[in-house]
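In my numbering, the protein residues as written are 26 to 156. Each residue gets a CB set at the ideal place from its N, CA and C atoms; glycine is no exception. Since the model is a prediction, treat every value here as computed from it, not as a measurement. Written below as structure tokens is the structure these notes are about.
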């Protein structure tokens with residue numbers, strides 16, 4: 026199957042110049058205005074002002090107040106681990122009290138639920154300490 030022949034017809038405009046000449050003038054104007062950047066981008070070179078600024082791999086990012094971001098995160102995780110450890114101790118003491126009150130050979134249902142809470146909290150603390 027043969028494709029139709031497509032041609033652009035350029036007619037003379039009211040000023041006497043052809044549309045083709047106007048098209049080329051516009052194209053040259055675009056090249057002069059943004060041509061340097063366009064050529065640099067085509068060659069894989071991006072001007073310095075357009076390059077994204079990434080932190081160096083060894084550089085420690087800073088918070089707006091000037092403190093180290095890594096230290097702030099570590100401090101927050103440490104405080105949360107201490108809080109979770111206190112909660113863990115509290116839950117363990119509550120479990121011990123419930124079992125003592127229940128007597129011999131009886132396991133209260135609340136004690137089973139409390140052990141599940143202790144397990145979840147212990148896993149959370151372990152995860153924080155590993156990271």
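If you check the CB distance, residue 94 and residue 116 do not come in under 7 Å. Assigned with DSSP and collapsed to three states, residue 115 falls in helix. No Cβ-Cβ contact shorter than 7 Å links residue 149 with residue 120. Following the DSSP letters along the chain, one finds residue 150 inside the alpha helix (DSSP H) bounded by residues 134-155.
The beta-bridge partner set that DSSP reports for residue 87 consists of 93. Pairing residue 102 with residue 153 gives a Cβ-Cβ distance under 7 Å.
If you check the CB distance, residue 111 and residue 146 do not come in under 7 Å.
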